[in-house]
Amino acid sequence: MLGNFYCLAIQIAIQKKSFLLSASAEALQLYGFSCPLSPSLAQLSLQITPPCESEQHYEYSGRCCTKCEPGKYMSARCTGSSDSVCQPCGPNEYMDVWNEEDKCLLHKICDQGKALREVNPGNSTFQRQCACTMGYHWNEDCDCCQRNSICAPGFGVQHPVQQDKDTMCIPCARGYFSKVASSTDECKSWTNCTALGMAEIMPGTDKSDAVCAERKMPEPSEDGMCPYTDYLLESSGKEAGCVTRVFGWLNSIPVVGDSRGNSCRPSSTLGKSHL
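Each residue of the sequence shown is one higher than the one before, counting from 310 in our numbering.
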(Lines of atoms letter the chains of each structure in order from A and count residues from 1; the text may use other names and numbers.)
(Lines give C-alpha, C1' and ligand atoms only; values in the text may rest on other atoms or scores of the structure.)
Protein backbone atom coordinates (compact mmCIF):
# COMPACT_ATOMS: atom_id res chain seq x y z
CA MET A 1 0.00 0.00 0.00
CA LEU A 2 2.76 2.40 0.95
CA GLY A 3 4.65 1.45 -2.21
CA ASN A 4 1.66 2.28 -4.40
CA PHE A 5 1.41 5.67 -2.73
CA TYR A 6 5.04 6.43 -3.54
CA CYS A 7 4.60 5.26 -7.14
CA LEU A 8 1.62 7.58 -7.58
CA ALA A 9 3.64 10.51 -6.24
CA ILE A 10 6.49 9.72 -8.63
CA GLN A 11 4.16 9.59 -11.64
CA ILE A 12 2.69 12.97 -10.71
CA ALA A 13 6.20 14.40 -10.33
CA ILE A 14 7.17 13.08 -13.76
CA GLN A 15 4.09 14.63 -15.34
CA LYS A 16 5.10 17.99 -13.84
CA LYS A 17 8.67 17.53 -15.12
CA SER A 18 10.07 17.60 -11.63
CA PHE A 19 13.80 17.16 -11.02
CA LEU A 20 13.00 13.89 -9.16
CA LEU A 21 11.88 12.04 -12.30
CA SER A 22 12.93 8.43 -12.62
CA ALA A 23 15.71 8.81 -10.04
CA SER A 24 13.06 8.51 -7.30
CA ALA A 25 11.70 5.34 -8.89
CA GLU A 26 15.16 3.80 -8.89
CA ALA A 27 15.56 4.70 -5.22
CA LEU A 28 12.29 2.91 -4.35
CA GLN A 29 13.45 -0.22 -6.12
CA LEU A 30 16.31 -0.45 -3.63
CA TYR A 31 13.69 -0.97 -0.90
CA GLY A 32 11.80 -3.63 -2.83
CA PHE A 33 9.12 -1.40 -4.35
CA SER A 34 8.32 -1.62 -8.06
CA CYS A 35 6.81 1.32 -9.95
CA PRO A 36 5.75 0.29 -13.46
CA LEU A 37 5.59 3.31 -15.79
CA SER A 38 3.53 3.70 -18.93
CA PRO A 39 5.51 4.29 -22.19
CA SER A 40 4.56 7.99 -22.24
CA LEU A 41 5.63 8.50 -18.63
CA ALA A 42 8.83 6.55 -19.19
CA GLN A 43 9.70 8.87 -22.06
CA LEU A 44 9.08 11.91 -19.87
CA SER A 45 11.37 10.49 -17.24
CA LEU A 46 14.31 10.78 -19.66
CA GLN A 47 13.92 14.53 -19.89
CA ILE A 48 16.48 15.41 -17.24
CA THR A 49 17.06 18.98 -18.45
CA PRO A 50 14.11 21.29 -17.76
CA PRO A 51 13.39 23.83 -20.55
CA CYS A 52 14.02 26.74 -18.15
CA GLU A 53 17.71 25.87 -17.96
CA SER A 54 18.52 27.74 -21.18
CA GLU A 55 19.93 31.04 -22.37
CA GLN A 56 16.51 32.54 -23.09
CA HIS A 57 14.39 31.27 -20.15
CA TYR A 58 14.28 31.45 -16.36
CA GLU A 59 12.11 29.87 -13.67
CA TYR A 60 10.02 32.09 -11.43
CA SER A 61 7.28 31.06 -8.97
CA GLY A 62 7.19 27.57 -10.43
CA ARG A 63 6.77 28.86 -13.97
CA CYS A 64 9.15 28.90 -16.93
CA CYS A 65 9.40 32.48 -18.21
CA THR A 66 11.18 34.26 -21.07
CA LYS A 67 14.23 36.43 -20.44
CA CYS A 68 14.65 39.82 -22.11
CA GLU A 69 16.57 39.86 -25.38
CA PRO A 70 19.80 41.86 -25.94
CA GLY A 71 19.10 45.59 -26.12
CA LYS A 72 16.36 45.39 -23.45
CA TYR A 73 15.99 45.05 -19.68
CA MET A 74 13.25 43.46 -17.52
CA SER A 75 10.85 45.97 -16.01
CA ALA A 76 8.55 43.27 -14.55
CA ARG A 77 8.87 39.53 -13.98
CA CYS A 78 6.33 37.04 -15.23
CA THR A 79 3.14 36.23 -13.33
CA GLY A 80 0.73 33.34 -13.36
CA SER A 81 -1.08 34.88 -16.33
CA SER A 82 1.56 36.95 -18.18
CA ASP A 83 5.14 36.67 -19.37
CA SER A 84 8.04 38.97 -18.51
CA VAL A 85 7.80 42.66 -19.43
CA CYS A 86 10.87 44.07 -21.22
CA GLN A 87 11.83 47.65 -22.08
CA PRO A 88 14.49 48.94 -24.53
CA CYS A 89 17.74 50.35 -23.18
CA GLY A 90 17.96 54.13 -22.96
CA PRO A 91 20.52 56.50 -24.52
CA ASN A 92 24.15 55.63 -23.73
CA GLU A 93 23.03 52.19 -22.43
CA TYR A 94 23.40 48.66 -23.73
CA MET A 95 22.69 45.01 -22.90
CA ASP A 96 24.55 42.38 -24.91
CA VAL A 97 22.95 39.14 -23.56
CA TRP A 98 19.56 37.58 -22.81
CA ASN A 99 18.87 38.75 -19.26
CA GLU A 100 16.54 39.27 -16.33
CA GLU A 101 18.25 42.47 -15.14
CA ASP A 102 16.21 45.43 -13.92
CA LYS A 103 18.34 47.96 -15.85
CA CYS A 104 20.74 48.15 -18.78
CA LEU A 105 24.48 48.73 -18.53
CA LEU A 106 26.12 52.10 -19.16
CA HIS A 107 28.51 52.53 -22.07
CA LYS A 108 32.13 53.19 -21.10
CA ILE A 109 33.49 56.72 -21.57
CA CYS A 110 36.45 57.29 -23.90
CA ASP A 111 38.03 60.07 -21.81
CA GLN A 112 40.48 62.12 -23.89
CA GLY A 113 41.97 63.43 -20.67
CA LYS A 114 43.09 59.86 -19.99
CA ALA A 115 44.54 59.45 -23.50
CA LEU A 116 41.54 57.43 -24.73
CA ARG A 117 39.78 57.74 -28.09
CA GLU A 118 36.61 56.17 -29.47
CA VAL A 119 37.06 53.47 -32.12
CA ASN A 120 33.47 52.15 -32.14
CA PRO A 121 30.44 54.09 -30.84
CA GLY A 122 28.56 50.92 -29.88
CA ASN A 123 24.76 50.56 -29.77
CA SER A 124 22.02 49.08 -27.56
CA THR A 125 23.45 45.55 -27.92
CA PHE A 126 27.18 46.30 -28.21
CA GLN A 127 29.43 48.21 -25.81
CA ARG A 128 31.35 51.27 -27.00
CA GLN A 129 34.99 50.50 -27.79
CA CYS A 130 37.91 52.74 -26.76
CA ALA A 131 41.64 52.66 -27.53
CA CYS A 132 44.70 54.61 -26.44
CA THR A 133 45.65 57.66 -28.50
CA MET A 134 48.82 57.69 -30.61
CA GLY A 135 51.93 57.63 -28.44
CA TYR A 136 50.23 55.63 -25.65
CA HIS A 137 49.56 51.94 -24.98
CA TRP A 138 47.21 50.01 -22.68
CA ASN A 139 48.75 48.83 -19.41
CA GLU A 140 46.89 45.99 -17.67
CA ASP A 141 48.63 46.69 -14.34
CA CYS A 142 47.09 50.15 -13.94
CA ASP A 143 44.10 49.53 -16.25
CA CYS A 144 44.98 52.74 -18.07
CA CYS A 145 46.80 54.22 -21.05
CA GLN A 146 50.51 54.78 -20.46
CA ARG A 147 52.92 56.89 -22.51
CA ASN A 148 55.13 54.88 -24.87
CA SER A 149 58.82 54.51 -24.11
CA ILE A 150 61.14 56.92 -25.99
CA CYS A 151 63.97 55.52 -28.10
CA ALA A 152 67.29 57.33 -27.52
CA PRO A 153 69.51 58.59 -30.38
CA GLY A 154 71.13 55.60 -32.07
CA PHE A 155 67.92 53.59 -31.65
CA GLY A 156 64.76 53.45 -33.73
CA VAL A 157 61.20 52.23 -33.26
CA GLN A 158 60.45 48.73 -34.46
CA HIS A 159 57.40 49.04 -36.70
CA PRO A 160 54.55 48.61 -37.01
CA VAL A 161 53.67 50.36 -33.75
CA GLN A 162 50.87 48.50 -31.95
CA GLN A 163 48.21 50.39 -30.02
CA ASP A 164 48.08 47.88 -27.20
CA LYS A 165 51.84 47.46 -26.73
CA ASP A 166 54.73 49.65 -25.64
CA THR A 167 57.36 50.94 -28.07
CA MET A 168 60.03 48.43 -29.08
CA CYS A 169 63.41 50.15 -29.55
CA ILE A 170 66.13 48.51 -31.66
CA PRO A 171 69.72 49.70 -32.35
CA CYS A 172 70.22 51.30 -35.75
CA ALA A 173 71.94 48.83 -38.09
CA ARG A 174 75.02 49.80 -40.12
CA GLY A 175 73.95 52.22 -42.84
CA TYR A 176 71.20 53.73 -40.68
CA PHE A 177 71.05 56.43 -38.02
CA SER A 178 68.76 58.25 -35.59
CA LYS A 179 69.84 61.56 -34.10
CA VAL A 180 66.66 62.30 -32.13
CA ALA A 181 64.88 60.82 -29.11
CA SER A 182 61.49 59.62 -30.32
CA SER A 183 58.72 57.13 -29.57
CA THR A 184 57.60 56.95 -33.23
CA ASP A 185 60.60 57.45 -35.57
CA GLU A 186 62.45 54.61 -37.28
CA CYS A 187 66.17 54.62 -38.06
CA LYS A 188 66.89 56.48 -41.33
CA SER A 189 69.37 55.39 -43.99
CA TRP A 190 72.61 57.31 -44.54
CA THR A 191 72.77 59.70 -47.50
CA ASN A 192 74.29 57.91 -50.51
CA CYS A 193 76.95 60.39 -51.63
CA THR A 194 77.94 58.31 -54.67
CA ALA A 195 74.36 58.26 -55.95
CA LEU A 196 74.35 62.06 -55.71
CA GLY A 197 77.61 62.34 -57.67
CA MET A 198 79.41 63.65 -54.61
CA ALA A 199 82.25 62.51 -52.39
CA GLU A 200 81.76 61.26 -48.85
CA ILE A 201 83.98 63.32 -46.57
CA MET A 202 82.58 62.00 -43.31
CA PRO A 203 81.04 58.55 -42.82
CA GLY A 204 77.74 58.14 -41.04
CA THR A 205 77.32 56.67 -37.57
CA ASP A 206 74.36 55.25 -35.69
CA LYS A 207 73.61 58.80 -34.51
CA SER A 208 74.56 60.95 -37.53
CA ASP A 209 74.18 61.01 -41.30
CA ALA A 210 77.04 60.77 -43.79
CA VAL A 211 78.53 64.11 -44.99
CA CYS A 212 78.88 64.65 -48.74
CA ALA A 213 80.77 67.39 -50.64
CA GLU A 214 81.24 68.51 -54.24
CA ARG A 215 84.34 70.48 -55.35
CA LYS A 216 84.37 72.80 -58.42
CA MET A 217 87.69 73.84 -60.02
CA PRO A 218 88.54 77.51 -59.23
CA GLU A 219 89.88 80.35 -61.34
CA PRO A 220 93.38 81.45 -60.14
CA SER A 221 93.70 84.79 -58.34
CA GLU A 222 96.15 87.55 -59.27
CA ASP A 223 98.73 86.27 -56.77
CA GLY A 224 98.51 82.76 -58.18
CA MET A 225 96.68 81.41 -55.15
CA CYS A 226 93.32 79.70 -55.27
CA PRO A 227 91.15 81.36 -52.59
CA TYR A 228 88.65 79.31 -50.64
CA THR A 229 85.95 81.49 -52.11
CA ASP A 230 86.52 79.75 -55.44
CA TYR A 231 85.59 76.40 -53.92
CA LEU A 232 81.95 75.51 -53.60
CA LEU A 233 81.42 73.04 -50.85
CA GLU A 234 77.97 71.55 -50.70
CA SER A 235 77.34 69.54 -47.56
CA SER A 236 74.29 67.36 -46.96
CA GLY A 237 75.09 67.02 -43.28
CA LYS A 238 76.74 69.96 -41.51
CA GLU A 239 77.77 68.16 -38.32
CA ALA A 240 80.03 69.88 -35.76
CA GLY A 241 83.71 69.34 -36.48
CA CYS A 242 83.43 68.80 -40.22
CA VAL A 243 84.82 72.27 -41.11
CA THR A 244 88.29 71.44 -39.79
CA ARG A 245 88.39 68.21 -41.80
CA VAL A 246 87.27 70.02 -44.97
CA PHE A 247 90.07 72.60 -44.63
CA GLY A 248 92.58 69.80 -44.28
CA TRP A 249 91.11 68.08 -47.34
CA LEU A 250 91.40 71.27 -49.42
CA ASN A 251 95.01 71.93 -48.37
CA SER A 252 95.95 68.42 -49.40
CA ILE A 253 95.00 69.12 -53.05
CA PRO A 254 98.16 69.35 -55.25
CA VAL A 255 99.02 72.44 -57.29
CA VAL A 256 96.93 72.65 -60.46
CA GLY A 257 97.19 74.75 -63.59
CA ASP A 258 94.71 76.52 -65.76
CA SER A 259 94.49 76.75 -69.55
CA ARG A 260 96.76 79.83 -69.55
CA GLY A 261 99.59 78.07 -67.81
CA ASN A 262 99.01 79.71 -64.44
CA SER A 263 99.25 77.52 -61.41
CA CYS A 264 97.56 77.83 -58.08
CA ARG A 265 96.81 75.98 -54.86
CA PRO A 266 94.23 76.61 -52.15
CA SER A 267 94.93 79.66 -50.00
CA SER A 268 95.46 79.06 -46.29
CA THR A 269 93.82 82.33 -45.34
CA LEU A 270 90.79 81.41 -43.30
CA GLY A 271 89.38 84.90 -43.75
CA LYS A 272 88.88 84.22 -47.46
CA SER A 273 87.08 80.96 -46.96
CA HIS A 274 83.50 80.46 -48.03
CA LEU A 275 81.65 77.27 -47.21
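C-beta: ideal position from N, C-alpha, C; glycine also.
Identity of the residue in G389, C374, V394, S390 nearest Y382 by Cα: Put simply, of G389, C374, V394, S390 the residue whose alpha carbon is nearest the alpha carbon of Y382 is V394.
Counting pairs of Cβ atoms below 8 Å between the region 476-488 and the region 456-465, do you hit three or more? Contact between the region 476-488 and the region 456-465 is present, because at least three Cβ pairs lie under 8 Å.
Quick check: the Cα distance between S498 and Q467, rounded to an integer number of angstroms? Distance between the alpha carbons of S498 and Q467 is about 15 Å.
How big is the Cα-Cα spacing for L415 and H366? CA-to-CA, the gap between L415 and H366 works out to about 24 Å.
On the criterion of 16 or more Cβ atoms from any shown chain inside 10 Å, does N408 qualify as buried, or is it exposed? With 16 or more other Cβ atoms within 10 Å, it is buried.
On the DSSP bridge list, what partners appear for G463? Bridge partners of G463 according to DSSP: none are assigned.
Evaluate A385 with the Cβ neighbour count: other Cβ atoms within 10 Å of its Cβ, from every protein chain shown; 16 or more gives buried, anything less gives exposed. The residue is exposed, with fewer than 16 neighbouring Cβ atoms inside 10 Å.
I need the DSSP call for A504, collapsed to helix, strand or coil. Here DSSP, grouped into helix, strand and coil, assigns A504 to helix.
Count the other CB atoms, across all protein chains shown, that sit within 10 Å of the CB of C496; report buried if there are 16 or more and exposed otherwise. Taking every protein chain shown into account, the CB of C496 has 16 or more other CB atoms within 10 angstroms, so this residue is buried.
Beta-carbon proximity of E364 to V406, cut-off 9 Å: Yes, Cβ-Cβ distance for E364 and V406 is below 9 Å.
For C419 and G399, I'd like the C-alpha separation in whole angstroms. C419 and G399: Cα-Cα distance of roughly 19 Å.
Can you have a look at L505 and say buried or exposed, based on whether 16 or more other CB atoms are within 10 angstroms of its CB? Only exposed fits L505, as fewer than 16 other CB atoms lie within 10 angstroms of its CB.
Just to confirm my understanding: we take R372, look at its own chain, exclude 5 residues before and 5 after, and list those with CB closer than 8 Å. What are they? Cβ within range, chain order: C387, G389.
Just reading off the beta strand (DSSP E) that N401 is part of, what are its end residues? In this chain, N401 is not harboured by any beta strand (DSSP E), its DSSP state being neither H nor E.
For C502, which residues in the same chain have their Cβ closer than 7 Å to its Cβ, ignoring the five residues on either side in sequence? Counting only residues of its own chain and dropping the five nearest sequence neighbours on each side, C502 has a CB closer than 7 Å to the CB of A508, E509, A519, C521.
With DSSP as the reference, label K417 as helix, strand or coil. If DSSP states are grouped into helix, strand and coil, K417 belongs with coil.
In whole angstroms, what separates the C-alpha of P397 from that of Y369? Those two C-alpha atoms are separated by around 22 Å.
Given a threshold of 16 other Cβ atoms within 10 Å of its Cβ, counted over all protein chains shown, does A295 qualify as buried or as exposed? Summary: the structure shown does not reach residue 295, with the chain confined to residues 310 through 584, and so no result is reported for it.
Outcome for T391 when other beta-carbon atoms lying within 10 angstroms are tallied against a minimum of 16: The amino acid occupying residue 391 in the given sequence is Ser; Thr does not appear at that position. Counting other Cβ atoms within 10 Å of its Cβ, S391 stays below 16 and is therefore classed as exposed.
Measuring alpha carbon to alpha carbon, tell me which of E378, E523, M443 ends up nearest D494. With distances taken between Cα atoms, D494 lies closest to M443.
In terms of residues, what are the limits of the beta strand (DSSP E) holding A440? Residues 438-441.
Quick check on K474: does DSSP put it in helix, strand or coil? Here K474 sits in coil by DSSP.
Cα separation between V470 and E362? Roughly 46 Å between the two C-alpha positions.
Candidates Q455, G431, N432: closest to G422 by CA position: G422 has its Cα closest to that of Q455, out of Q455, G431, N432.
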